[in-house]
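**Student:** This is the structure, below, for whatever I ask next.
Numbering (my numbering), first residue to last: 1 to 39.
Here you go:
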């Protein structure tokens, strides 16, 4: 089952969001879906 996850941060604090996303990926909890190339 797929679920969505959205991370948000305060203005100019994007680095914290990117660090959290990286940790989630490393833990296998989240992964970025590949871009669709369908036309």
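Positions of the beta carbon are idealized from the N, C-alpha and C atoms, including for glycine.
Does DSSP classify residue 16 as helix, strand or coil?
**Tutor:** Within the chain shown, numbered from 1, the residue matching residue 16 stands at position 16. Residue 16 falls in the helix class under three-state DSSP.
**Student:** In its own chain, which residues sit with a C-beta less than 7 Å from the C-beta of residue 24, not counting the 5 before and 5 after it?
**Tutor:** Locating residue 24 in the chain shown gives position 24, counting from the first residue. Closer than 7 Å at the Cβ level, and outside the excluded window around residue 24, lie 30.
**Student:** By DSSP, does residue 38 sit in helix, in strand, or in coil?
**Tutor:** In the chain shown, counting from the first residue as 1, residue 38 sits at position 38. In this structure, residue 38 counts as coil in the three-state DSSP scheme.
**Student:** Note down the Cα distance separating residue 15 from residue 38, rounded to an integer number of angstroms.
**Tutor:** The count along the chain shown starts at 1 and reaches residue 15 at position 15. The count along the chain shown starts at 1 and reaches residue 38 at position 38. Distance between the alpha carbons of residue 15 and residue 38: 32 Å.
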